[in-house]
Amino acid sequence: MSARQPRPAQGAGVLARVALGLYPPAWRARYGDEVRALLEDSGAGVRAAAILAWHAVPAWACPARHLYDRPGRMRASLAAVGMAWVLLAGLAAVFVQLAQAQGSSQTLTLASYPVIQWSYWVFDGAVIISVLAVAAGGVPLWLRMFRGARGARGARRPRELACLLAPVVVPVVYLAGSTVIAGLVRQPAARVVPWQPRPVADLANGMIGPWWFLALVVAGFAAAVVSAAGLALALRRLRPDGPAVVLATRAAGLAAAAMGLAGAASIVAAIGLYLWAPADAGYHESWQLAVYLPAVLLAAGVAIISAARGIRAAREPAVA
Amino acid sequence: MRDRLDRWADPPLLVLASLAEEPRHGYAITQDIADTMGVRLSAGTLYAVISRLESRGLIEPLESDDRRRPYRLTAAGATELAEQSERMHQVASVAQRRLRANYGWAGA
Chain A
4 MSARQPRPAQ GAGVLARVAL GLYPPAWRAR YGDEVRALLE DSGAGVRAAA
54 ILAWHAVPAW ACPARHLYDR PGRMRASLAA VGMAWVLLAG LAAVFVQLAQ
104 AQGSSQTLTL ASYPVIQWSY WVFDGAVIIS VLAVAAGGVP LWLRMFRGAR
154 GARGARRPRE LACLLAPVVV PVVYLAGSTV IAGLVRQPAA RVVPWQPRPV
204 ADLANGMIGP WWFLALVVAG FAAAVVSAAG LALALRRLRP DGPAVVLATR
254 AAGLAAAAMG LAGAASIVAA IGLYLWAPAD AGYHESWQLA VYLPAVLLAA
304 GVAIISAARG IRAAREPAVA
Chain B
26 MRDRLDRWAD PPLLVLASLA EEPRHGYAIT QDIADTMGVR LSAGTLYAVI
76 SRLESRGLIE PLESDDRRRP YRLTAAGATE LAEQSERMHQ VASVAQRRLR
126 ANYGWAGA
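Chains as they are written, first to last, in our numbering: chain A, 4 to 323; chain B, 26 to 133.
Below is the structure:
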């Protein structure tokens with residue numbers, strides 16, 4: 004074996020430690036010490052930290068199989084799909100507000116441009132299928148984890164219960180809060196027909212101002228991330244196994260595929276509206292599309308790839 | 026031109042080639058690859074590769090009391106390296122033959 008050739012220890016560096024913290028826990032548990040030792044030997048500069056952080060993405064998206072058992076791979080898939088799915092759902096909600104909910108002259112536009120009309124129909128159908136799949140696979144698993152976290156007397160696990168309640172409570176609080184705020188800041192008679200270019204997106208024909216809309220969108224994504232993180236933490240702490248996890252993994256595959264289709268349909272509709280009927284869109288500048296399109300593609304890609312890995316694990320025979 | 030080489034070199038193959046000589050830990054692998062092949066792998070790249078190779082059963086870790094755990098090539102890794110080396114050798118042979126014929130290249 005080759006002799007070690009140590010350099011003066013420089014410490015792994017704060018940046019490298021932060022970058023290492025971006026990796027999945029199982030990856031850190033297996034390789035973390037070795038990476039820290041290598042960084043100490045070779046020096047941990049900004050570039051090394053940036054490359055280390057970059058490789059955390061595939062470590063999540065394509066988790067190494069030898070680091071997880073079959074149920075662990077399904078749970079990791081569920082956590083990743085859950086995060087990507089809620090982001091796609093948030094993007095879908097933004098699309099609805101800025102396209103379908105704009106109203107006004109859309110009836111005439113949709114009759115003239117069947118591509119947009121069909122995109123709306125595909126989007127609606129795919130979103131419904133995806134939500135049903137999440138309910139069909141998610142509710143049994145959630146109930147099983149909830150029973151496990153509630154436990155018998157004295158065995159209650161409050162942290163796990165809080166994680167499990169996050170995907171239920173946080174969206175409800177957000178929806179109630181945003182409804183109240185939208186009612187308070189509503190702009191009377193601010194319809195946008197005929198079209199006039201405005202600098203920032205508006206909610207449903209300008210009923211609330213663009214900055215309020217932006218604030219609600221940001222808060223909505225924050226709520227979505229907290230909800231998905233709660234589910235991921237519950238999966239990690241409670242480590243559920245068995246048919247409920249297999250069912251949820253398969254349902255997550257369907258949900259991811261359907262939400263990916265909805266995202267594709269929304270992209271077609273969004274581009275169609277931008278090109279042919281900007282009066283019916285709540286967005287009027289190309290940068291808004293330039294943000295939306297890659298965000299949908301990235302989230303859909305992560306959801307579908309992670310779901311495929313989970314389904315592959317679900318198909319493998321269970322080890323007794 | 027070494028920076029350019031970094032973009033074309035295949036890190037998994039470099040790691041397999043390094044371990045074909047003897048078991049090595051992370052720092053020794055990066056040093057060997059830098060010294061013999063002129064490519065400097067960062068910690069992030071190296072451990073992404075090690076994770077993939079270990080997952081595919083091409084390398085395996087050895088016991089170690091130190092944080093610097095050594096790895097060695099498995100039989101499957103040796104087979105994979107042999108196949109890839111043969112393929113690269115064929116490409117190199119064709120390239121060198123054509124360079125000699127068409128560009129007067131005398132060889133290294």
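Glycine included, C-beta positions come from ideal geometry on N, C-alpha and C. The model shown is predicted, which means the values in this text are computed figures rather than measured ones.
Run of the alpha helix (DSSP H) containing residue i, from where it starts to where it stops
| i | result |
| --- | --- |
| R78 of chain A | R73 to L101 |
| Y128 of chain B | A100 to Y128 |
| G313 of chain A | S289 to R318 |
| D36 of chain A | P28 to S45 |
| D91 of chain B | Run containing D91 of chain B: none; DSSP gives neither H nor E here. |
| Y123 of chain A | P117 to R153 |
| A255 of chain A | P246 to W279 |
| A73 of chain B | A68 to S80 |
| L164 of chain A | P161 to L187 |
| A237 of chain A | P213 to L241 |
| G56 of chain B | The displayed chain sequence assigns Gln, not Gly, to residue 56 of chain B. Note, Q56 of chain B: alpha helix (DSSP H), G51 to M62. |
| A62 of chain A | A59 to A64 |
| A22 of chain A | V17 to G24 |
| A42 of chain B | P36 to L44 |
Separation of residue j from residue i, as counted between CA atoms
| i | j | result |
| --- | --- | --- |
| G93 of chain A | R153 of chain A | 30 Å |
| L225 of chain A | R77 of chain B | Sequence check: residue 225 of chain A is Ala here, not Leu. C-alpha separation (whole angstroms): 33 Å. |
| G256 of chain A | S89 of chain B | 40 Å |
| E169 of chain A | R50 of chain A | Correcting the residue type first, residue 169 of chain A is Ala in the shown sequence and not Glu. Roughly 37 Å between the two C-alpha positions. |
| V116 of chain B | R122 of chain B | 10 Å |
| H69 of chain A | A79 of chain A | 13 Å |
| L301 of chain A | L124 of chain B | 43 Å |
| P74 of chain A | W145 of chain A | 16 Å |
| L241 of chain A | L250 of chain A | 17 Å |
| R39 of chain A | A126 of chain B | 50 Å |
| I58 of chain B | V299 of chain A | 40 Å |
| I132 of chain A | A139 of chain A | 10 Å |
| L278 of chain A | G128 of chain A | 24 Å |
| P161 of chain A | L66 of chain B | 45 Å |
| M113 of chain B | F149 of chain A | 56 Å |
| S122 of chain A | A179 of chain A | 30 Å |
| V173 of chain A | E163 of chain A | 15 Å |
| E85 of chain B | R315 of chain A | 24 Å |
| T104 of chain B | R92 of chain B | 29 Å |
Proximity of residue i and residue j at Cβ, strictly below 8 Å
| i | j | result |
| --- | --- | --- |
| R31 of chain A | L41 of chain A | no |
| I75 of chain B | V119 of chain B | no |
| A68 of chain B | L83 of chain B | no |
| A254 of chain A | A136 of chain A | yes |
| A259 of chain A | I307 of chain A | yes |
| E37 of chain A | G63 of chain B | no |
| A104 of chain A | Y177 of chain A | no |
| P27 of chain A | P66 of chain A | yes |
| P36 of chain B | T61 of chain B | no |
| L44 of chain B | R81 of chain B | no |
| S45 of chain A | T55 of chain B | yes |
| A42 of chain B | L106 of chain B | yes |
| Y1 of chain A | Y72 of chain B | One cannot answer for residue 1 of chain A here, as it falls past the ends of chain A, which runs 4 to 323. |
| M77 of chain A | A321 of chain A | no |
Nonlocal neighbours in the same chain, by C-beta distance under 6 Å from residue i, ignoring five residues either side
| i | result |
| --- | --- |
| A401 of chain A | Any answer about residue 401 of chain A is impossible in this case: the structure gives chain A only from 4 up to 323. |
| V294 of chain A | none |
| S269 of chain A | F98 and F126 |
| V84 of chain A | A255, A259, A306, S309 and A310 |
| A235 of chain A | A82 |
| L38 of chain B | Q109 |
| M86 of chain A | A231 |
| C166 of chain A | G233, L236 and A237 |
| Y128 of chain B | none |
| Q120 of chain A | L113 |
Span of the beta strand (DSSP E) around residue i
| i | result |
| --- | --- |
| P86 of chain B | I84 to P86 |
Neighbourhood of residue i by C-beta, 7 Å cutoff - its chain only, sequence neighbours within 5 removed
| i | result |
| --- | --- |
| A204 of chain A | In this prediction, A204 of chain A has a pLDDT of 42, which is less than 50 and means its spatial position is unreliable; what the coordinates show is noted afterwards. Excluding positions up to five away in sequence, the list reads L101, P213, F216, G285, Y286 and Q291. |
| A19 of chain A | L42, A47, A51, A52 and L55 |
| R147 of chain A | P243 and A247 |
| V220 of chain A | V97 |
| I211 of chain A | A185, V188, R189 and Q190 |
| L81 of chain A | L238, A251, T252, A255 and G313 |
| A273 of chain A | F98, A102, L292 and Y295 |
| W198 of chain A | With a pLDDT of only 48 at W198 of chain A, under the threshold of 50, the placement of this residue in the model should not be trusted; the figure read from the coordinates follows. Closer than 7 Å at Cβ, skipping near neighbours: P281 and A282. |
| L25 of chain A | A56 and A59 |
Sequence-distant residues of its chain with Cβ nearer than 8 Å to residue i (five each side left out)
| i | result |
| --- | --- |
| A95 of chain A | F126, V130, M262, A265, G266 and S269 |
| V89 of chain A | A227, V228, S230 and A231 |
| R159 of chain A | A152 and R153 |
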